[in-house]
Amino acid sequence: MSDDTVSVELPRTLVFSPRANDTSHVLASVAQRRGLFTEHLTGWRVPEGFLVGGPAHLYAGPLFADAVAADLGIALLEPPDDWLTRLPYAALRRGIRMLTMAEAWTLRTPAFLKPPNDKSFPARVYLDGTQLPGPDAVDSDTPVLVSDPVTFTVEFRLYVLDGEIVTGAQYAIEGDLDIEPLDGHESEQRVLGFAKDVLREAVDTLPSAVVMDVGLIDGEPTVVEANAAWASGHYAADPERVLDVVLRAAGPSAEAGERDRQFLRPAAERVD
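Residue 62 in numbering that gives the first Met the number 0 is what sits at position 63 of the sequence shown, and the numbering runs on without skipping anything.
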């Protein structure tokens with residue numbers, strides 16, 4: 000009798016938070032059709048004895064991802080906090096700088112304020128820094144992106160893998176949710192051409208799997224922001240391609256490429 004054993008590779012598992020949304024439902028269906036396991040956790044801890052098939056991937060919001068990623072052995076890719084501030088004015092069509100929350104509290108003129116890679120406070124135009132949440136709600140060293148207020152007439156979400164745009168969708172008109180496929184859109188070529196030019200110059204400053212939003216200001220395309228694909232809504236983008244990007248953006252730590260290690264989301268301090 001031979002002592003040789005045959006190693007069987009188990010299917011990968013895509014893990015979701017307890018809070019389901021349209022994108023998690025769509026990604027679960029696509030993942031199952033591909034032969035992946037899917038698991039929806041029921042709490043903010045990975046249960047003792049929790050079993051996944053093979054290596055785990057994740058689709059979830061930032062706070063939940065911080066709570067479970069380490070226990071699942073998942074590396075989370077995200078754009079640098081100051082990524083927008085590195086782009087030329089021609090790509091932004093507005094002034095953008097990064098401050099700490101303590102500095103933002105001292106602002107006395109209107110500005111669009113947002114946390115770069117989480118939802119520690121609502122992203123919107125504030126009349127001044129006194130309207131921001133106080134130190135009882137947000138740490139004083141929290142990074143804050145400060146932008147000149149502008150109006151995007153139309154906004155689009157683009158999924159990027161290895162520097163290439165693989166799918167996208169319109170998601171807003173005049174700031175209101177309005178979902179349409181990018182494929183066949185009247186602005187498709189203008190948006191894609193602009194985004195490809197931006198990525199050609201900035202690809203080394205972004206992780207290999209990421210979401211980039213583009214908006215129109217007076218008919219001209221501009222970068223809105225870049226976001227972590229593992230926490231972004233897909234809107235009307237191709238779910239198959241969206242899943243490709245999500246699996247890369249939140250996958251096994253051991254599989255994160257050397258290039259992507261500079262884009263790993265810092266591990267959250269765990270509180271038991």
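Think of the CB as a built atom: it goes at the ideal place given N, C-alpha and C, for glycine as much as any other residue.
Worksheet item: Is DSSP giving Val270 helix, strand or coil here?
Response: With a pLDDT of only 42 at Val270, under the threshold of 50, the placement of this residue in the model should not be trusted; the figure read from the coordinates follows. DSSP places Val270 in coil when its eight states are reduced to three.
Worksheet item: Would you call the CB atoms of Met211 and Ala194 closer than 8 Å?
Response: yes
Worksheet entry | Simplified DSSP assignment, three categories, for Tyr234 | coil
Discussion item. Taking DSSP's pairing of strands, which residues face Glu38 in a bridge?
Written reply: Val14
Item to complete: Output the boundary residues of the alpha helix (DSSP H) element that contains Thr22.
Response: 21 to 32 is the span of the alpha helix (DSSP H), which, as asked, contains Thr22.
Worksheet item: Is the closest heavy atom of the ligand HEM to the C-beta of Val190 under 7 Å?
Response: Ligands are entirely absent from the displayed structure, and the ligand HEM is therefore not among its contents.
Fill in: Contact set for Ala248: own chain, Cβ-Cβ below 6 Å, skip 5 residues either direction
Leu76, Ala208, Ala228, Trp229
Worksheet entry | Runs of beta strand (DSSP E) wholly within the stretch 116 to 170 (minimum 3 residues, chain order) | 123 to 125, 142 to 146, 153 to 160
Discussion item. Within the continuous beta strand (DSSP E) that includes Ala69, where are the two ends?
Written reply: Where Ala69 is concerned, there is no enclosing beta strand (DSSP E), although the alpha helix (DSSP H) it sits in stretches over 61 to 71.
Worksheet item: Below 8 Å between beta carbons: does that hold for Ala89 and Leu263?
Response: no
Discussion item. Would you call the stretch 130 to 137 in contact with the stretch 145 to 159, where contact means no fewer than 3 C-beta pairs closer than 8 Å?
Written reply: no
Worksheet item: Between which two residues does the beta strand (DSSP E) harbouring Val210 extend?
Response: Following the DSSP letters along the chain, one finds Val210 inside the beta strand (DSSP E) bounded by residues 208 to 216.
Worksheet item: Under a three-way DSSP split, which group does Asp259 fall into?
Response: helix
Worksheet entry | Distance CB(Gly167)-CB(Ala236) smaller than 8 Å | yes
Worksheet item: Asp117 to Pro79, Cα distance in whole Å?
Response: 12 Å
Worksheet entry | Inter-residue spacing [alpha-carbon to alpha-carbon] between Val143 and Leu126 | Val143 and Leu126: Cα-Cα distance of roughly 15 Å.
Item to complete: With a threshold of 16 other CB atoms inside 10 Å of the CB of Ala266, please say whether the residue is buried or exposed.
Response: exposed
Worksheet item: So, are the CB atoms of Gly174 and Thr22 less than 8 Å apart?
Response: no
Fill in: Separation of Asp177 from Arg156, as counted between CA atoms
12 Å
Practice prompt. Under 7 Å Cβ to Cβ from Val270, same chain only, skipping five residues before and after it: list those, please.
Written response: For Val270, the predicted model reports a pLDDT of 42, less than 50, meaning its position is unreliable and no value from the coordinates is stated.
Item to complete: Go through its chain and collect everything with a Cβ distance to Ala225's Cβ below 8 Å, but skip five positions before and after it.
Response: Pro78, Trp82, Leu83, Leu205, Val209, Val210, Met211, Asp212
Worksheet entry | Own chain partners of Thr12 with C-beta closer than 8 Å, once the 5 adjacent residues on each side are dropped | Leu35, Phe36, Thr37, Glu38, Val51, Gly52, Gly53, Pro54, Ala55, His56
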